[in-house]
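Structure first, then comments.
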Amino acid sequence: RNSYKANDDSYMCLDNVKIGETQLENAGKGLVAAKSIAKEDIVLSSPVVPIHRRDLFGDGTGKTAPHGINNYQLMLNYALGHGDSDLLLLPYGPFVNYINGGGGSAGQKANAVLRWHTTGEKEMDAPRRLQFHHHELFGEYAKTVMETHGKGLVIDIVALDNIGAGEEIFLDYGTAWTQAYEDHVKRYQPPSNSSTYRTADQWFNNKKLNPNPEFLKTVEELKTDPYPDNLQTICYYDSDAKIEKVDEETNTNYAVWEDGSLPHECIRPCDILERYPDPEEEEGEMLYTAEMMHFEGEENYWFCNMKAGKHIARDLDFDGILIVDKPYSHDIFLEQAFRHEIGVPDNFYPREWLRSKVRRRTEQEPTRSDIGDEFRRKKTDVVVSRKSPKEEL
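Numbering (the working numbering), first residue to last: 2 to 394.
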């Protein structure tokens, strides 16, 4: 285990920032300086994932979203991009996605800027596989950058001015983003049910709307006292669940839900059939029997792929069941919800990444540098599980 040493450029402390309430109206949280940050100091660094713009359109395969659903995924709002490039960069470092945009109608001046990471001596001396920021990708075409797995890029958020403790940190999101957002505000019309709409989280934690959150309703109770139309129950239930018996006549599998068999990795729609006290816990703790539903696409995940027929599991505890928003019912999926990437500064993207600066190429673009045997192409259709594949039940 390596111990931290002051002035070691392979480490970066995160005690200079914290999450707080933003100064912007109706914008939720923001990133605030926890202590004074000097001009030109690095506020944060973050690795980025290069992705193609089309991967955030529809379902990522080129298919458009269902009618009434926003065609672009919410992730687009957190990606960095250039209007003349299909390459987007998605930051995934701590805190970075809390930085709001200043300038334009926001009324707040940007006090930080995006820059490419400055590599320290220790990182430069590390083997290529252990380096975080690979400058050689700046000389590759955008398509090659998007497909190469194992080579990373890192951005720095740098203070443009001295930032005092308690001050919010703002980036300039760019002219295109600002214009798109101002147009969105002007034309936005809320849905007809907006005054009564609640997300699953808002409804569940509202004592007036949900006075008994520790008790989940059965299908019989829902007939007279239903949940809001946009909510549903889901359960953790994997294909390796412990089957106690099978009723061949009705093609029903009866299982016992075991909390000790973690990790539970598959969540699926379910109906609560019965609620009863837990005999092994203190008074008030409840267990549930639920029917587990098949869902479209479960065959693509071995840990979700149940045998055909009905599956009824007993002894689910409260943590094995969730009340969530039905697919595409959350207001973030509204057709008129705002979608736009965050603009990068001028000259931030190398010319090889821009459409207008690169001559027309065939679909199989050349690779300018030797990627190396230790790097590989991304595989986008592989599902990673913490379990080992077992014979399907």
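Idealized CB from N, CA, C, for every residue including glycine.
Count the other C-beta atoms from every protein chain shown that fall within 10 angstroms of the C-beta of Glu364, then say buried if there are 16 or more, exposed otherwise.
-> Bear in mind that the predicted position of Glu364 carries a pLDDT of just 45, short of 50, making it unreliable; the figure below should be weighed with that in mind. By the neighbour-count rule (16 or more Cβ atoms within 10 Å), Glu364 is not buried but exposed.
Indicate the three-state DSSP secondary structure (helix, strand or coil) for Val345 in the structure shown.
-> Looking at Val345 - three-state DSSP - the assignment turns out to be coil, as it is neither helix nor strand.
As assigned by DSSP and simplified to three states, the class of Gln337 | Coil.
Run the CB neighbour count on Asn17, radius 10 Å, all protein chains shown included, and call it buried at 16 or more, exposed below.
-> With 16 or more Cβ atoms within 10 Å of its Cβ, Asn17 is classed as buried.
Roughly how many whole angstroms lie between the Cα atoms of Cys267 and Asp326?
-> Whole-angstrom Cα-Cα distance: 17 Å.
Can the beta-carbon of Val49 be found less than 7 Å from the beta-carbon of Leu154?
-> Yes.
How far does the alpha helix (DSSP H) with Val220 in it reach, from first residue to last?
-> In the DSSP annotation of this structure, the continuous segment of the alpha helix (DSSP H) that includes Val220 starts and ends at Val220 to Thr225.
Hey, is the stretch 307-327 in contact with the stretch 280-295, meaning 3+ C-beta pairs nearer than 8 Å?
-> Touching, yes.
Below 8 Å, can you find three or more Cβ-Cβ pairs linking the stretch 81-90 to the stretch 138-151?
-> Counting Cβ pairs under 8 Å, three or more are found: they touch.
Between which two residues does the alpha helix (DSSP H) carrying His185 extend?
-> Taken as a continuous stretch (DSSP letters only), the alpha helix (DSSP H) holding His185 covers Thr176 to Arg188.
Please specify which runs of the beta strand (DSSP E), each continuous and at least 3 residues long, are wholly inside the stretch 220-277, giving them in chain order.
-> You should have 232-237, 243-248 and 253-257.
Per DSSP, Gly59 is paired with what?
-> Note: Gly59 is not bridge-paired with any residue in the DSSP secondary-structure output.
Check the DSSP bridge columns for Arg33 and list the partner residues they point to.
-> Sequence check: residue 33 is Val here, not Arg. Val33 is bridged to Lys19 and Glu169.
Excluding the 5 residues preceding and the 5 following Ile235 in the sequence, name in chain order all residues of the same chain whose CB lies nearer than 7 Å to its CB.
-> For Ile235, where only same-chain residues beyond five positions count, the Cβ hits under 7 Å are Ile268, Arg269, Pro270, Cys271, Leu323 and Val325.
Helix, strand or coil at Leu77 according to DSSP, with G and I counted as helix = Here Leu77 sits in helix by DSSP.
Please state whether DSSP places Glu137 in a helix, a strand or coil.
-> Helix.
Which two residues bound the contiguous alpha helix (DSSP H) that contains Glu292?
-> Not the alpha helix (DSSP H): Glu292 falls in the beta strand (DSSP E), residues Met287 to Met293.
Quick one: what does DSSP say Ala309 is sitting in, helix, strand or coil?
-> If DSSP states are grouped into helix, strand and coil, Ala309 belongs with coil.
Could you round the C-beta distance between Gly94 and Ser37 to whole angstroms and report it? I think they count as a contact, below 8 Å.
-> Not quite, the Cβ-Cβ distance comes to about 22 Å (not below 8 Å), so this is no contact.
How would you call Asp241, buried or exposed, if buried means at least 16 neighbouring beta carbons within 10 angstroms?
-> The residue in question, Asp241, is buried, as its Cβ has 16 or more Cβ neighbours within 10 Å.
If you drop the 5 nearest sequence neighbours on each side, which residues of the same chain put their C-beta closer than 6 Å to that of Tyr329?
-> Excluding sequence neighbours, Tyr329 sits near Ile70.
Hey, Trp204 and Asn213: beta-carbon distance below 7 Å or not?
-> No, Cβ-Cβ distance for Trp204 and Asn213 is not below 7 Å.
Compare the C-beta of Glu183 against all C-beta atoms of chain B and say whether one is closer than 7 Å.
-> Given the protein chain composition of this structure (a single chain), no chain B is represented.
State the Cα-Cα distance for the pair Asn306 and Val257, rounded to the nearest angstrom.
-> When rounded, the distance between both Cα atoms is 17 Å.
Taking DSSP as the reference, what is the three-state secondary structure of Trp354?
-> Trp354: helix per DSSP, three-state reduction.
How would you write the range of the beta strand (DSSP E) that Ala160 sits in, first residue to last?
-> Segment Leu154 to Ala160, the beta strand (DSSP E) holding Ala160.
Taking DSSP as the reference, what is the three-state secondary structure of Thr145?
-> If DSSP states are grouped into helix, strand and coil, Thr145 belongs with the helices.
Bridge-paired residues (DSSP) for Ala66 | Paired residues: none, contrary to the question.
Assuming His341 contacts Asn78 under a Cβ cut-off of 8 Å, what Cβ separation, rounded to an integer in Å, is found between them?
-> Yes, His341 and Asn78 are in contact; Cβ-Cβ is about 7 Å, under 8 Å.
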